[in-house]
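Protein chains in written order, with the working numbering: chain C, 1 to 114; chain H, 1 to 116. Below is one structure, written out as structure tokens; the observations come after it.
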């Protein structure tokens, strides 16, 4: 099992450009998440999806959109990139059972907006 | 809303010495607690979790943590650290909403630096 995979690993954008970050998991998890990590800030939740067909805003959703394409895939889109969106982006997935609350993380996408 | 405080942004420790990384949370309801580790240029890996039951939980790589409800703390400990433990450590909490997915609320992280 590959676990959670993310593409691309690195990306440089100019201000105003758009791009989509891809995430896929092969653990048959229902729930998926997008976080951003900034120095000294920990990780902050951008959007999440409880199950296929549903998405909800997290703590910092402005400037982003998401699509839960199917049970495996959850993409994050930046429509018009801004320098404030320079960050490392992590996708995660989890099961929803009472004893299975931990989230499994992908390797991250390092995004620079100039 | 819940919050997580990691009191130390950086902790230097000599190799083979014990270490404690502190974590406090604020929530008026029941929570699930986690410690994750991030090695340089990698994703996050679960060290241990507290969902219910025994307040002392053991994790991977010799780490353990104790849940203290009265002090709203979940400190991480290791009796003897190794150079390979150098990493960023994150404490995180979920408040169970019952509705499905619950995003993690993270602390800002503690950088553990092991000195030879």
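For each residue, glycine too, the CB sits at the ideal point set by N, CA and C.
| Check | Outcome |
| --- | --- |
| Cβ-Cβ separation, residue 10 of chain H to residue 86 of chain H (assumed contact under 8 Å), whole Å | At roughly 11 Å, the Cβ-Cβ gap does not stay under 8 Å, so residue 86 of chain H and residue 10 of chain H are not in contact. |
| Buried/exposed call for residue 38 of chain H, threshold 16 Cβ in 10 Å | buried |
| Which of helix, strand or coil DSSP assigns to residue 52 of chain H | coil |
| Complete runs of the beta strand (DSSP E) confined to the segment 3 to 31 of chain H [at least 3 residues] | 3 to 5, 10 to 14, 19 to 21, 24 to 26 |
| Where residue 16 of chain C sits in the DSSP three-state scheme | coil |
| Chain H contacts made by the segment 29 to 49 of chain C, where a contact means CB separation under 7 Å | 31, 33, 40, 41, 42, 43, 45, 48, 49 |
| Anticipated Cβ contact below 8 Å, residue 34 of chain H with residue 49 of chain H, distance rounded | 5 Å |
| Collapsed DSSP secondary structure at residue 70 of chain C in the structure displayed | coil |
| Per DSSP, the bridge partner or partners of residue 32 of chain C | C:49, C:93 |
| Per-residue burial, residue 67 of chain H [other beta carbons within 10 Å of its own, 16 or more giving buried] | buried |
| Three-state secondary structure assigned by DSSP to residue 61 of chain H | helix |
| For residue 65 of chain H and residue 54 of chain H, the rounded distance between their alpha carbons | 11 Å |
| Buried/exposed call for residue 115 of chain H, threshold 16 Cβ in 10 Å | exposed |
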